[in-house]
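Below is one structure, written out as structure tokens; comments come after it.
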């Protein structure tokens, strides 16, 4: 087969209509062979003829979309020096746009022998390896337009591509669990009626199911073991794996955009699926091990592990940084995604051992004309020393606010907790983000996420029940901050069930009325349960999939109503911080906090750890956002009352400076969608009203009588 010199840039396999240019980086290689496979698995090897700046490249005429390929890299095999080249191992292209198949676990996939890790393994791995695929760059995006929802109006819905539709009765059976299923009418109609503005997809970069999980009959359901940062995961495609997954993913994004919904990706750039020094050789390890991975000091046989997965990518290497930036730009420019959530993002910021908030990776993103303009979310921690970095990311970033999650959970389960902490979290966590020049939308507020209890389980279990994971319930966190409301797991006790329903409404109402960006864990709005499993990473089963036959319609109605309420009243999605002082000549502060007796909170009140009840006044008249005509928009004033005590509490409305007529709009102690029984009743300054135990009430100020 003919091969021409080709070009070193761009990396990967790029089809131009007549043939394909192949380019791969390896600083340590002495020879790189391109391996082409026909439909019967027959392999043809061609040495790449050119090397430019450590990029090996060649152009093959006549090679087009659907062609399967891989690489064999010749070079030193010296693990103690950090080098692991082994040309007996077929390797995936790090820049592959699509991958066909999954690894078929065999000792041949490892560079060593199981019985003797020091002995070089010469077995050929090709027949056990998935293959990289040449893809077409052409796609009809039609009139695709990004929704570009402003951050302060964003509501994120975290979901799993497969789990969302795998059991959906209205989605065609052949589309369930796929990108096409997510793009189907029933799926998008549900998301629109719910009222979310963005979906955050659990990892869709090509990932593998580890040999350990498959030996137990389980799978890598969450997908946090990437092996291809440019390829949409092939098992989520209904149409095929020879590049069809790329077209199907693009169609899904186009359908979401047409519905006004943004697509955010949960990306895992901190490690790969190749594990530690005893892990398989699938790609990076055999291409340039010392370039791609962080190795341990003088013991270069071993890997630095800030992620708990066996390895960490080497963010100090320019080609690794280039790969990550190329990947991000590819997903924005070619796949039209709208943003990213970075898994264990503190790992990306590590220089040597410390976390450096001004590391090269963040500098690159800051100045990048493409990536800097999409939504960027950090999971601001990793498992290494000093890895908890909530509040410490650069100004361009929003963050998963773990302090919000922990604090709100503690408040509603009745833990002794300083009310000042609750006030900070409910008003956007200015103590974490304001001093870095960020706005309230820097805080991604969440109660639950894929990792941990679902909302229904948070109020139903005191401890994890992960026996189905076959690790004797040792896996998963023990720090759940949950409360079962009086019975562990399923119960027929009507009072316990009523309290659990009310607690779920409390959590959702707090989340959706807080300043910042709310993130709903997919299924929480319908009462989805994992039966106490708080670590469903390996449960590609009914434990994790949505059960559309058991939807809690009352909870779903409540969530929809609260999302619409948030949308109607911009006071709950402010662009700027509260000031705690009178603005625009108003007599009262833009935000004020009260004891149940309508006395403004003092320093002593804030310091009481046993206090469970308080009220907060929000002034809608203090909002300075202009409308299209330049007029100042005035929202209603609100008085929100929280009672996390196990006893009822009598509250008093503040004096008439704050409002002369009030109406109760929301009461989490009410049934159904939270509309209170006294919704039409007019309350006056100084009026008393009873708060049920563990409940939240929203009062809205009505216009003064003339």
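Residue numbers (the numbering used here): -2 to 703. Glycine is no exception: its CB is placed at the ideal position from the N, C-alpha and C atoms.
Continuous alpha helix (DSSP H) stretch holding residue 195: start and end:
In the chain shown, the residue the question calls residue 195 occupies position 198. No alpha helix (DSSP H) contains residue 195, which is instead part of the beta strand (DSSP E) from 195 to 198.
Residue 253: first and last residue of the uninterrupted alpha helix (DSSP H) it sits in
Along the chain shown, one-based indexing puts residue 253 at 256. Per DSSP, residue 253 belongs to the alpha helix (DSSP H) from 241 to 255.
So, at 6 Å on beta carbons, what are the nonlocal neighbours of residue 603 in its own chain, with the 5 sequence-adjacent residues on each side left out?
Counting from one through the chain shown, the residue named residue 603 turns up at place 606. Contacts found: 416 and 417.
Is the number of C-beta pairs between the region 509 to 519 and the region 147 to 156 that are closer than 8 Å three or more?
yes
Secondary structure at residue 324, three-state DSSP: helix, strand or coil?
By one-based count along the chain shown, residue 324 stands at place 327. It is helical.
Along the chain, where does the beta strand (DSSP E) that runs through residue 18 open and close?
Translated into positions along the chain shown, residue 18 becomes position 21. Note, residue 18: beta strand (DSSP E), 16 to 22.
Mapping the DSSP letters down to three states, classify residue 565 as helix, strand or coil.
As a first step, residue 565 is located in the chain shown; it is residue number 568 there, counting from the start. It is helical.
One question on the structure: do residue 717 and residue 276 come within less than 7 Å of each other, judged by their Cβ atoms?
A question about residue 717 goes unanswered here, because the residues of the chain that appear run from -2 up to 703.
Does DSSP put residue 603 in a helix, a strand or coil?
Taking the first residue of the chain shown as 1, we reach residue 603 at position 606. Correct three-state label for residue 603: helix.
Below 6 Å CB to CB, which residues in the same chain sit around residue 685 once its five sequence neighbours on both sides are set aside?
In the chain shown, the residue the question calls residue 685 occupies position 688. 647 and 649.
Under three-state DSSP, which class holds residue 586?
As a first step, residue 586 is located in the chain shown; it is residue number 589 there, counting from the start. DSSP places residue 586 in strand when its eight states are reduced to three.
On the DSSP letters alone, give me the boundaries of the alpha helix (DSSP H) that residue 186 sits inside.
Residue 186 sits at position 189 when you count from the first residue of the chain shown. Here the alpha helix (DSSP H) through residue 186 covers 182 to 191.
Quick check on residue 452: buried or exposed, where buried means 16 or more other Cβ atoms within 10 Å of its Cβ?
On the chain shown, position 455 is the one that residue 452 refers to. Result: buried.
Quick one: which unbroken alpha helix (DSSP H) runs of 4-plus residues sit fully inside the region 357 to 439? Chain order, please.
357 to 364, 399 to 409, 416 to 423 and 427 to 430
Near residue 200, what residues of its chain come up, given a Cβ to Cβ distance below 8 Å and the 5 sequence neighbours on each side ignored?
Sequence index remark: in the chain shown, residue 200 carries index 203 (1-based). Excluding positions up to five away in sequence, the list reads 219, 220, 221, 223, 230, 262, 263, 264, 265 and 340.
Return the bridge partner residues of residue 292 from the DSSP annotation.
Looking up residue 292 in the chain shown gives position 295. According to DSSP, residue 292 bridges with 300.
With three or more beta-carbon pairs closer than 8 Å as the criterion, would you say the region 97 to 117 touches the region 287 to 303?
no
Can you tell me where the beta strand (DSSP E) holding residue 55 begins and where it ends?
Translated into positions along the chain shown, residue 55 becomes position 58. Looking at the DSSP string, the run of the beta strand (DSSP E) that includes residue 55 is 52 to 58.
I need the straight-line Cα distance from residue 241 to residue 337, nearest angstrom please.
The sequence position of residue 241 within the chain shown is 244, counting from 1. The sequence position of residue 337 within the chain shown is 340, counting from 1. Distance between the alpha carbons of residue 241 and residue 337 is about 23 Å.
Considering only DSSP beta bridges, list what residue 29 is partnered with.
Counting from 1 along the chain shown, the entry for residue 29 is found at position 32. Looking at the DSSP assignment, residue 29 forms a beta bridge with 70.
Work out the CA separation of residue 529 and residue 481 for me, nearest whole Å.
Start at 1 with the first residue of the chain shown, and residue 481 comes out as number 484. Start at 1 with the first residue of the chain shown, and residue 529 comes out as number 532. Cα-Cα distance, rounded: 10 Å.
Could you check whether the region 129 to 143 touches the region 86 to 97, counting it as contact only if at least three pairs of C-beta atoms, one from each stretch, sit closer than 8 Å?
yes
Below 8 Å on the Cβ atoms is my contact criterion, and I expect residue 168 with residue 183 to pass it. Report the Cβ-Cβ distance as a whole number of Å.
Within the chain shown, the letter at position 171 stands for residue 168. Within the chain shown, the letter at position 186 stands for residue 183. Right, the Cβ-Cβ distance comes to about 5 Å (below 8 Å), so this counts as a contact.
Is residue 607 buried or exposed, if buried means 16 or more other CB atoms sit within 10 Å of its CB?
Here the question's residue 607 lines up with position 610 in the chain shown. Exposed is the call here.
Find the nearest neighbour of residue 573 within the set 285, 681 and 149, judged by alpha-carbon distance.
Within the chain shown, the letter at position 576 stands for residue 573. Per the Cα distances, 149.
With DSSP as the reference, label residue 12 as helix, strand or coil.
As a working note, residue 12 is residue 15 in the chain shown. Correct three-state label for residue 12: strand.
Extent of the continuous beta strand (DSSP E) to which residue 261 belongs
Start at 1 with the first residue of the chain shown, and residue 261 comes out as number 264. 259 to 264 is the span of the beta strand (DSSP E), which, as asked, contains residue 261.
Taking only runs of the beta strand (DSSP E) that begin and end inside the region 466 to 553, which ones reach a length of at least 3 residues, in chain order?
514 to 518
Would residue 135 be called buried (16 or more neighbouring beta carbons within 10 Å of its own) or exposed?
By 1-based counting over the chain shown, the position of residue 135 is 138. Exposed is the call here.
Please work out which residues of its chain come closer than 6 Å, Cβ to Cβ, to residue 637, disregarding the five sequence neighbours upstream and downstream, and give them in chain order.
Here residue 637 is taken as the residue at index 640 of the chain shown, counted from 1. Taken in chain order, the residues that qualify are 613 and 695.
According to DSSP, simplified to helix, strand and coil, what is residue 334?
The sequence position of residue 334 within the chain shown is 337, counting from 1. In this structure, residue 334 counts as coil in the three-state DSSP scheme.
Leaving out five residues on either side along the sequence, give the residues of the same chain with a beta carbon under 6 Å from the beta carbon of residue 401.
Within the chain shown, the letter at position 404 stands for residue 401. Excluding residues within five positions, the ones whose Cβ falls inside 6 Å are 422 and 442.
So, using beta-carbon positions, are residue 473 and residue 531 closer together than 7 Å?
Here the question's residue 473 lines up with position 476 in the chain shown. Here the question's residue 531 lines up with position 534 in the chain shown. Closer than 7 Å, so yes.
Cβ atoms of residue 248 and residue 172: under 7 Å apart, would you say?
Position 175 of the chain shown, counted from the first residue, corresponds to residue 172. Position 251 of the chain shown, counted from the first residue, corresponds to residue 248. Against a cut-off of 7 Å, the Cβ pair of residue 248 and residue 172 comes out as no contact.
Contacting residues, own chain, Cβ-Cβ under 7 Å from residue 361 (five flanking each side not counted):
Here the question's residue 361 lines up with position 364 in the chain shown. The answer, listed in chain order, is 318 and 322.
Euclidean distance between Cα positions of residue 640 and residue 396:
On the chain shown, residue 640 is found 643 positions in, with the first residue counted as 1. On the chain shown, residue 396 is found 399 positions in, with the first residue counted as 1. Residue 640 and residue 396: Cα-Cα distance of roughly 28 Å.
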